[in-house]
Amino acid sequence: MFQTKVQLHIILPVASNYVPFLPSGTVKPVKNRRLNCGSRYPTESDMYVKTSNISLKVPHVQQGQGEGPCNNIVLVKNLYLSCDPMMRFLIMDTSHYKMTKYEYCTPGSPICGYGVAKVLDSSNPEFKEGDLVWGLTRWEEYSFITNTKSLIKIQHTDVPLSYYTGILVCTPKKGEYVFVSAASGAVGQLVGQFAKLAGCYVVGSAGSKEKVDLLKNKLGFDEAFNYKEEHDLNAALKRYFPQGIDVYFENVGGDMLEAVLLNMREHGRITICGMISQYNLPEPQGIKNLMQVAFKRLHIHGFTHRDYDHIVPKYLDFVLPYIRQGKLVYVEDIVEGLENGPAALVGLFNGRNFGKQGRSIDIGGPGQK
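Numbering (full-length UniProt numbering), first residue to last: 1 to 369.
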């Protein structure tokens with residue numbers, strides 16, 4: 001009921017310190033489709049699919065008397081591409097939103113994001129042909145990955161590979177009152193379920209009746225509400241949290257954050273994962289009641305999941321048994337086709353997605369046998 005389907009395609013990212021590639025001379029080029037962004041403020045019509053030729057072999061470079069493969073490069077066939085609000089910042093031309101450890105795209109180049117891929121060729125000894133990996137890639141069919149430190153091998157293949165595009169770590173404490181905004185999305189759905197497994201009272205907000213039903217009836221939240229039907233968010237939170245909020249997982253920002261600050265308990269904790277209501281505004285909305293942070297001695301922590309790349313294997317060992325046992329439900333909204341990528345990405349910002357938004361790549365081309 002909550003699943004759909006998508007496919008995607010690729011480009012050759014060339015770093016500024018690259019030396020010219022020489023043709024390998026042994027592999028016939030194939031068509032490589034990629035989704036490019038035309039500007040820093042993307043709309044559906046501004047993104048377009050472009051086709052180029054690519055050789056399915058790690059490029060060679062001249063070395064001394066001959067030529068050999070470029071060092072530390074992995075060629076992959078993209079299978080699933082993750083569609084995340086964070087990607088908006090990888091397109092924006094704004095220095096005060098820059099994040100370290102990420103690769104930014106420029107107009108006319110493919111969109112960058114996380115995905116699941118299969119290794120076709122490698123000059124990095126840590127990766128071999130046939131390996132399944134998760135990490136930063138491009139919205140295209142085939143990618144040359146030069147930042148191989150971002151790649152993590154997938155050891156568990158008994159759960160859908162697309163699940164690996166929704167990595168998250170969350171450790172709430174038993175008995176706490178937890179509120180999750182944008183709770184039906186990729187991050188929110190897992191945060192709420194982890195909190196329930198830890199013995200917390202959990203309430204989530206979402207933008208439609210269908211999403212509220214999903215949270216309460218499928219994902220096991222104690223309560224959920226449609227923020228679009230609430231004229232006073234402060235009153236709504238007091239209704240669901242008469243005793244106050246211990247932990248708030250922030251995905252929205254703006255008016256929701258202001259209302260939450262009024263309802264936090266003393267020494268409460270706020271984890272800021274995102275503020276999707278602010279991403280496309282000409283000017284971010286200011287918060288008027290930040291003194292609540294001082295009055296209530298609140299702890300606010302921002303993060304991106306690149307901070308936790310090193311513990312992903314441990315996280316998977318923890319979470320996958322819960323998925324196999326049915327104690328964790330992971331809802332995906334999979335779109336088929338690279339050409340449907342623009343609608344999926346833009347749809348994140350107006351609530352069109354259910355659960356984790358992703359795309360599956362057309363896996364019928366070379367490299368799939």
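Note that CB positions come from ideal geometry on N, CA and C, so glycine has one too.
- Excluding sequence positions up to five before and after Lys50, its CB lies within less than 7 Å of the CB of Arg34 and Asn36, all in the same chain and listed in chain order.
- Separation of Leu132 and Ile154 (C-alpha to C-alpha, rounded to the nearest whole angstrom) is 5 Å.
- Inter-residue distance for Pro342 and Met47 is about 6 Å (C-alpha atoms, whole angstroms).
- For Glu140, the closest alpha carbon among the candidates Cys112, Ile152 and His156 is that of Cys112.
- Taking each of Ala186, Pro125, Ile311 and Met264 in turn and checking the Cα distance to Asp84, the smallest one comes out for Ala186.
- For Ile54, the enclosing beta strand (DSSP E) begins and ends at Met47 to Ile54.
- The region 215 to 278 contains, as complete beta strand (DSSP E) runs of 3+ residues, the segments 223 to 226, 245 to 250 and 264 to 272 (chain order).
- Asn72 and Leu90 have their C-alpha atoms spaced approximately 24 Å apart.
- With respect to the C-alpha of Arg138, the residue from Lys174, Val74, Pro172 and Gly199 having the closest C-alpha is Val74.
- The C-beta separation of Val247 from Gly274 comes to about 16 Å, leaving the pair out of contact by the 8 Å criterion.
- Taking a 10 Å sphere around the C-beta of Met291, we find fewer than 16 other C-beta atoms and assign the residue as exposed.
- Going by C-alpha positions, Met264 is about 26 Å away from Glu283.
- The beta carbon of Leu120 sits closer than 7 Å to the beta carbons of Leu56, Leu75, Val76, Lys77, Glu129 and Gly367 from its chain, once the five residues preceding and following it are set aside; these are given in chain order.
- The shortest CA-to-CA distance from Phe249 to any of Ala182, Asn289, His231 and Phe295 is the one to Ala182.
- Nearest Cα to Glu103 within the set Met87, Lys118, Ala117 and Val116: Met87.
- For Gly347, the three-state secondary structure derived from DSSP is helix.
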